[in-house]
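The block underneath contains the structure these notes are about, expressed in structure tokens.
In this note's numbering, the protein residues as written are 353 to 466.
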């Protein structure tokens, strides 16, 4: 069964064949764009940013669930971080931290007591 929108499009393209040509060029251009390496790079960057944002949210959630107060400065620093390796380190520290600021301590800091 042909839908009414297909029938309408068919009539429009019969009246103006050049319109069909322009529409097909646009579709081809759009398909090319989504396959273009730059488009893939943009999508990959978006995926990475999403992973970073999710990891930052999980860090703060772990601290919240553990009842550890999280100052605004810590929340801002965690949310602003775009280094996934560092976020992973902070996530591991969030599981054992006594204070939110413990996320940022250096492992080899002799002045830090556990």
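Using N, Cα and C, we set each Cβ at its ideal position, and we do this for glycine too.
**Message:** Can you look up residue 416 in the DSSP assignment and give me helix, strand or coil?
**Reply:** Numbered from 1 along the chain shown, position 64 holds the residue referred to as residue 416. The answer is helix: DSSP assigns residue 416 an H, G or I state.
**Message:** DSSP three-state label for residue 389, please.
**Reply:** Working through the chain shown from its first residue, we reach residue 389 at position 37. Three-state result, residue 389: helix.
**Item:** Coarse secondary structure for residue 437, derived from DSSP in three states
**Value:** Counting from one through the chain shown, the residue named residue 437 turns up at place 85. The DSSP-derived three-state label of residue 437 is helix.
**Request:** Report the rounded CA-to-CA distance for residue 436 versus residue 404, giving the unit in angstroms.
**Result:** Counting from 1 along the chain shown, the entry for residue 436 is found at position 84. Counting from 1 along the chain shown, the entry for residue 404 is found at position 52. Their Cα atoms are separated by approximately 6 Å.
**Message:** Tell me the DSSP secondary structure of residue 369 in three-state form.
**Reply:** The sequence position of residue 369 within the chain shown is 17, counting from 1. The answer is helix: DSSP assigns residue 369 an H, G or I state.
**Prompt:** Would residue 455 pass as a contact of residue 445 if the rule is Cβ separation under 7 Å?
**Reply:** Position 103 of the chain shown holds residue 455. Position 93 of the chain shown holds residue 445. Contact: yes.
**Request:** Since I believe residue 420 is in contact with residue 452 (beta carbons under 8 Å), could you give me their beta-carbon distance rounded to a whole number of angstroms?
**Result:** Sequence index remark: in the chain shown, residue 452 carries index 100 (1-based). Sequence index remark: in the chain shown, residue 420 carries index 68 (1-based). That pair is a contact at about 6 Å.
**Request:** Tell me where the alpha helix (DSSP H) around residue 427 begins and ends.
**Result:** Translated into the one-based positions of the chain shown, residue 427 becomes position 75. Run containing residue 427: 424-432, per the alpha helix (DSSP H) assignment.
**Prompt:** Where does residue 358 sit, in a helix, a strand or coil, going by DSSP?
**Reply:** Here residue 358 refers to the residue found at position 6 when the chain shown is read from its first residue. Note: residue 358 maps to helix in three-state DSSP.
**Asked** Can you tell me whether residue 359 is buried or exposed, with buried defined as 16 or more other CB within 10 angstroms of its CB?
**Response** If you number the chain shown from 1, residue 359 lands on position 7. Label assigned to residue 359: exposed.
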